[in-house]
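To keep things clear, I will list the structure first and then write my remarks on it.
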Amino acid sequence: MLQLRDIRKTFNAGTDNEVRGLDGVTLDFEPGTWTVVIGSNGSGKSTMQSAISGTFGLDGGSITVGGTDITAWPEHRRAHIIGRVFQDPYAGSAPSLTVAENLALAEGRGTRRTLAPLLRRSRRAAWREMLAEIGLGLERRLDDPIGLLSGGQRQSITLLMATATAPKVLLLDEHTAALDPRSADQVIQLTSRIVARHRATTIMVTHSMAQAAALGDRLVAMHRGRVYLDVRGADKRRLRVEDLHDVFAQMRQDDRLDHAALALLAAEYA
Amino acid sequence: MSVLVASIAIALALAILAYGVFLSFRILNFPDITADGSFPLGAAVAATLIDHGSVAGVTVGPWTATAVATCAGAAAGLCTGIVHAYLRVNVLLSGILTMTALYSVNLMVMGRSNIGLYGKSTIFTPWERAVESWAGGGIVPIMGRPVPAGDVAAALLGAALATAIGVALWLFLRTQVGAAMRATGDNPRMLRALGTSTSFTLMVGMGCSNALIALSGAVFGQLQGFADAQMGIGIIVLGLASVIIGQTLVGAGAGIGLLIAGAVMGTVLFRLLVAIALRMGLDPNNLKLITAAVVLAALVLPGLASRAGSRLRWGAAR
Numbered sequence: 085m086l087q088l089r090d091i092r093k094t095f096n097a098g099t100d101n102e103v104r105g106l107d108g109v110t111l112d113f114e115p116g117t118w119t120v121v122i123g124s125n126g127s128g129k130s131t132m133q134s135a136i137s138g139t140f141g142l143d144g145g146s147i148t149v150g151g152t153d154i155t156a157w158p159e160h161r162r163a164h165i166i167g168r169v170f171q172d173p174y175a176g177s178a179p180s181l182t183v184a185e186n187l188a189l190a191e192g193r194g195t196r197r198t199l200a201p202l203l204r205r206s207r208r209a210a211w212r213e214m215l216a217e218i219g220l221g222l223e224r225r226l227d228d229p230i231g232l233l234s235g236g237q238r239q240s241i242t243l244l245m246a247t248a249t250a251p252k253v254l255l256l257d258e259h260t261a262a263l264d265p266r267s268a269d270q271v272i273q274l275t276s277r278i279v280a281r282h283r284a285t286t287i288m289v290t291h292s293m294a295q296a297a298a299l300g301d302r303l304v305a306m307h308r309g310r311v312y313l314d315v316r317g318a319d320k321r322r323l324r325v326e327d328l329h330d331v332f333a334q335m336r337q338d339d340r341l342d343h344a345a346l347a348l349l350a351a352e353y354a
Numbered sequence: 080m081s082v083l084v085a086s087i088a089i090a091l092a093l094a095i096l097a098y099g100v101f102l103s104f105r106i107l108n109f110p111d112i113t114a115d116g117s118f119p120l121g122a123a124v125a126a127t128l129i130d131h132g133s134v135a136g137v138t139v140g141p142w143t144a145t146a147v148a149t150c151a152g153a154a155a156g157l158c159t160g161i162v163h164a165y166l167r168v169n170v171l172l173s174g175i176l177t178m179t180a181l182y183s184v185n186l187m188v189m190g191r192s193n194i195g196l197y198g199k200s201t202i203f204t205p206w207e208r209a210v211e212s213w214a215g216g217g218i219v220p221i222m223g224r225p226v227p228a229g230d231v232a233a234a235l236l237g238a239a240l241a242t243a244i245g246v247a248l249w250l251f252l253r254t255q256v257g258a259a260m261r262a263t264g265d266n267p268r269m270l271r272a273l274g275t276s277t278s279f280t281l282m283v284g285m286g287c288s289n290a291l292i293a294l295s296g297a298v299f300g301q302l303q304g305f306a307d308a309q310m311g312i313g314i315i316v317l318g319l320a321s322v323i324i325g326q327t328l329v330g331a332g333a334g335i336g337l338l339i340a341g342a343v344m345g346t347v348l349f350r351l352l353v354a355i356a357l358r359m360g361l362d363p364n365n366l367k368l369i370t371a372a373v374v375l376a377a378l379v380l381p382g383l384a385s386r387a388g389s390r391l392r393w394g395a396a397r
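So the sequences go chain by chain: A and B.
Residues in the first sequence are numbered consecutively from 85, following our numbering.
Residues in the second sequence are numbered consecutively from 80, following our numbering.
Put into structure tokens, the structure is as follows:
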């Protein structure tokens, strides 16, 4: 479905602030699978999502979706096949537009915006039903500006918006990290239901080891812009939170060895 | 009374300017100062066409002239939009570039620095005739005071135009394109994630905004009977004053419809205040200074008031 071939990205190349965002990542995501991505800060896990959604151009490598090379597509063109939910619960909706208007804009994803009225009365029943599924009483707030809702409520609606047109790929970028535990729990439950229903190829970045252990059918751990660990199937199901802590401990250990080796080499050639 | 009706007529012509500024500053969240060039552009194009009366043998009526002026404004706005959204020039600078270029364009269009429309037929002329024949003369008694028929006609046509365009703007902002523009100003990242190019909505929005501003210039020029290359100076601040005063009147959290109505109310209120101030002996040369001060006050005072309020509450709690 979604294939990353040796994708590379360096930020601020040639300056003191040079950051290797992605250092040759090759991954193949099967249709309808749910991959959880973990990694420390700066490991490249969010950079990978931005690369897939086209926020910036790549330095090397290619991205294909369903056999189509989308490497050169601009962000808004990729949006036709990629749904996204950001970490910031306020990033996914336009605050001064009503809940209904936000949903209608999302349902128009991939079509040309015309001079037809945005809101159609015939959609209201369906929207109410969608919102009722969230279980926060949002079906009664269809005509309120979405800016009046809480972060958890808005993130739930953003999820509905991201999957409104059944995109092939769904990218979740730490979408519960900024929420309180209760809201985060609700959003995760909604995520599970939506992913199960749409069978979109889902890639979820998370900081929560509990989520990483409990959710998805594949786990990718990233480190320094590379894939460090890739577990799926029965191995993924066996993973416990403690195992993931061990993975992070191992990464840190590797880092120290790297530094030690560097120091050794430096001493050798000084 | 005559001063009142004349002020309202001017305000209604400038309400269209307020719509344009509302679209760029409020809806698109784009501080566009092309207005200082596109407002006189509208007046210049309309006045030139009306003055010539025909182009290449084809007779040009005042409404056609006004429509052409509106299109010219749209083109100016598209220039600013393209310079910013596609050539990636800073927001303010792209407006300044177009505005500066338009100063020469306006002189080129007119061939001189001003064009008088005395004795020419404008969009107001038929309305003036109608009011005159209805009142049986050039003077209309309103509440016992004599008011020139020309002022009454101007106020009536202005009201019709401001209402029609206000309703059209309101309907437009509820279409798919219009809502995409609102989302552009509100949360551009979200709109891109939803597959709509914000560069495109910005460009189209700037075109619409400056079309309205040029239309306002065309109407205003015909109302005062001349177009002048200098008439655009500070016009953006005037439009901004209307929008901000209107927003204060209806409340910042009001819906789109109320905010549009507020822009008209803000323009009328501001014009009346100006008329009163001039009557009381204010030097017209100080008008721009006063306008800038009013905008500054309207921008800063609400914030200061709420800060003072919280300080008072804090003091009480202590």
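All residues carry an ideal CB built from backbone N, CA and C; glycine is no exception.
#1: Spell out whether any CB of chain A is found under 8 Å from the CB atom of B:Arg-358.
#2: Within the 8 Å Cβ cut-off, does B:Gly-245 reach chain A?
#3: Kindly say whether B:Leu-302, judged by its beta-carbon, lies nearer than 8 Å to any beta-carbon of chain A.
#4: Can you tell which of B:Ile-369, B:Ala-94, B:Gly-216, B:Val-231 has its C-alpha closest to the C-alpha of B:Phe-203?
#5: With a cut-off of 8 Å, does the C-beta of A:Pro-201 fall near any C-beta of chain B?
#6: Please identify the residue among B:Arg-268, B:Cys-287, B:Ala-151, B:Ile-129 whose C-alpha is closest to the C-alpha of A:Ala-178.
#7: Quick one: is B:Phe-101 buried, meaning 16 or more other Cβ sit within 10 Å of its Cβ, or exposed?
#8: Helix, strand or coil: how does DSSP classify B:Ala-180 here?
#9: Which word fits B:Ala-233, buried or exposed, when buried means at least 16 other C-beta atoms lie within 10 angstroms of its C-beta?
#10: Assuming A:Lys-93 is part of the beta strand (DSSP E), what are its boundary residues?
#11: Kindly say whether B:Gly-274, judged by its beta-carbon, lies nearer than 8 Å to any beta-carbon of chain A.
#12: Flag this pair as touching only if the region 230-243 of chain A and the region 158-176 of chain A have three or more C-beta atom pairs under 8 Å; answer yes or no.
#13: According to DSSP, is B:Ala-395 part of a helix, a strand, or is it coil?
#14: Which of the three DSSP states is assigned to A:Ser-146 in this structure?
#15: Which residues of chain A have a Cβ atom closer than 7 Å to the Cβ of B:Ala-258, listed in chain order?
#16: Between A:Arg-281, A:Arg-308, A:Leu-323, which lies nearest to A:Ser-294 when the distance is taken from Cα to Cα?
#17: Kindly give me the distance between the Cβ atoms of A:Phe-113 and A:Met-85, rounded to whole angstroms, as I take these residues to be in contact under 8 Å.
#18: For a quick check, are the C-beta atoms of B:Ile-95 and B:Leu-250 less than 8 Å apart?
#19: So that I know if they touch, is there some Cβ in chain E lying closer than 8 Å to that of A:His-160?
#20: Would you say A:Thr-152 reaches chain B, if we count a Cβ-Cβ gap shorter than 8 Å as a contact?
#21: So, is B:Leu-57 buried or exposed, given that buried needs 16 or more other C-beta atoms within 10 angstroms?
#22: With a threshold of 7 Å, establish whether the CB of B:Met-260 neighbours any heavy atom of the ligand NAD.
#23: Can you grab the Cα-Cα spacing for the pair A:Ile-287 / B:Gly-121, in whole Å?
#24: Could you spell out the range, first to last residue, of the alpha helix (DSSP H) harbouring A:Met-214?
#25: Output the residue ranges of the beta strand (DSSP E) runs that lie fully inside the region 270-343 of chain A and measure 3 residues or longer, sorted by chain position.
#26: Going along chain A in order, which residues have a C-beta closer than 7 Å to the C-beta of B:Asp-265?
#27: Go ahead and label A:Asp-342 buried or exposed: buried means 16 or more other beta carbons lie within 10 angstroms of its beta carbon, across all protein chains shown.
#28: When the Cα atoms are used, what is the spatial distance from B:Ala-331 to B:Ala-90?
#29: Strictly by DSSP, which residues pair up with A:Pro-265?
#30: Let me know the secondary structure DSSP gives B:Phe-305 once reduced to three states.
#31: Would you kindly report the start and end of the unbroken beta strand (DSSP E) that includes B:Pro-227?
#32: Is the distance from the Cβ of B:Thr-138 to the Cβ of B:Met-178 below 8 Å?
#33: Quick one, are the C-beta atoms of A:Arg-193 and B:Leu-273 less than 8 Å apart?
#34: Can you list the residues of chain A that B:Met-344 reaches, using a CB-CB cut of under 9 Å?
#35: Nearest CA to the CA of B:Gly-313: which residue from B:Gly-300, B:Leu-366, B:Ala-333?
#36: Ordered along the chain, which non-local residues of its own chain (more than five positions away) have a Cβ less than 6 Å from that of A:Arg-336?
Reading it off the structure:
#1: no
#2: no
#3: no
#4: B:Val-231
#5: yes
#6: B:Arg-268
#7: buried
#8: helix
#9: buried
#10: 86-95
#11: yes
#12: yes
#13: Here the model assigns B:Ala-395 a pLDDT of 46, short of 50, so the residue's position is not dependable and the matter cannot be decided.
#14: strand
#15: Leu-181, Glu-185, Leu-189, Leu-202
#16: Before going further, note that residue 294 of chain A is Ala rather than Ser in the sequence given. Closest option to A:Ala-294, Cα to Cα, is A:Leu-323.
#17: 6 Å
#18: no
#19: Of the chains in the structure shown, none is chain E; the protein chains are A and B.
#20: no
#21: The structure shown does not extend to residue 57 of chain B, since chain B spans only 80 to 397, so no value can be given for it.
#22: This structure lacks the ligand NAD, and indeed carries no ligand of any kind.
#23: 53 Å
#24: 208-218
#25: 285-289, 302-307, 310-316
#26: Ala-178, Pro-179, Ser-180, Leu-181
#27: exposed
#28: 22 Å
#29: Its beta-bridge partners do not exist; DSSP assigns none.
#30: strand
#31: 224-227
#32: no
#33: yes
#34: Residues of chain A passing the Cβ test: none, with the nearest at roughly 20 Å.
#35: B:Leu-366
#36: none
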